[in-house]
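Structure, as structure tokens:
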Amino acid sequence: MIHPATELRYISPTIGFGVYATAFIPRGTIVYVQDALEIVLPADHPLLTAEIYQPILHKYSTVEKDGSRLLSWDIARYVNHSCQSNSLSTGYGFEVAVRDIQPGEEITDDYGLFNLPYDMPCACGHPDCRNSIRPSDFELLIDRWDNQLHAALAQLIPLEQPLWRYLDETTQTAVYTDLATGKFRSVQALRHG
Ligand SMILES: [Zn+2]
């Protein structure tokens with residue numbers, strides 16, 4: 006489930022749709038949570054190899070650590086990639102704003118954290134664009150991602166968090182404990198295989 010202060014906008018025939026902030030979303034805000042309504046197809050599910058569903062799964066789903074595919078029920082599935090994304094996946098089953106997001110700004114993720122089984126060309130337009138999103142991005146970028154997340158998660162508690170209640174109790178406790186001890190879960194926890 007995506008943060009409520011967002012809307013779907015059409016961008017262009019090449020890019021398609023994107024998700025935009027409708028209000029200021031400060032760094033440390035949970036912008037997406039894997040809530041109980043999300044569709045999870047286990048790694049051995051027959052639909053994962055059914056030809057007619059391949060384009061849809063490739064475009065809209067992400068690969069989880071255990072090889073299952075996650076497909077969002079709401080507009081979260083339209084969040085685009087940026088090589089300097091303002092949101093990143095955490096090892097806690099949610100995504101967090103890693104910098105302040107202004108009203109009207111597009112919400113973006115780094116697909117390098119989604120365990121893509123193939124290289125995906127990127128033309129996000131950012132000066133630091135990697136030109137291609139690769140499964141090996143994990144090795145190159147893990148420290149940068151962890152540092153960005155560490156700084157963002159440290160801001161989490163005092164902020165308004167409309168998605169907090171959709172986290173299960175175990176995750177809520179883990180976040181509180183890790184915040185208290187300063188030991189954050191590395192994005193290594195997301196890596197498939
Ligand atoms: Zn890029």
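Quick note: the sequence shown uses the working numbering, first residue 6, plus one each step. The C-beta atom is built at its ideal place from N, Cα and C for all residues, glycine as well. Only a predicted model underlies this, so the values are computations on that prediction, with no experimental measurement involved.
* For Arg139, verify whether its CB is less than 8 Å away from any heavy atom of ligand 3. => Absence of ligand 3 is noted for the structure shown, with ligand 1 being the only ligands found.
* Asked: Per DSSP, what kind of secondary structure is Asn120 in: helix, strand or coil?
  -> coil
* Asked: According to DSSP, is Pro51 helix, strand or coil?
  -> helix
* Can we count Asn136 as close to ligand 1, meaning its CB is less than 8 Å from some heavy atom? -> yes
* Can Gly21 and Tyr83 be called in contact, C-beta distance under 9 Å? -> yes
* Are the CB atoms of Ala102 and Arg32 nearer to each other than 9 Å? -> yes
* Asked: Looking at C-alpha atoms only, which residue of Pro140, Gln59, Asp148, Leu46 is the closest neighbour of Trp78?
  -> Leu46
* **Beta-carbon gap between Val38 and Ile30 smaller than 9 Å** => no
* Quick one: using the 10 Å Cβ neighbour count with 16 as the cut-off for buried, is Ala55 buried or exposed? => exposed
* Nearest neighbour of Thr34, chosen from Asp183, Ala28, Leu62, Gln166 [CA to CA] -> Gln166
* Asked: With a CB to CB cut of under 8 Å and the five nearest residues on each side skipped, what residues in its chain are close to Cys134?
  -> Cys88, Cys127, Ala128
* **Alpha-carbon spacing of Leu121 relative to Leu76, whole angstroms** => 14 Å
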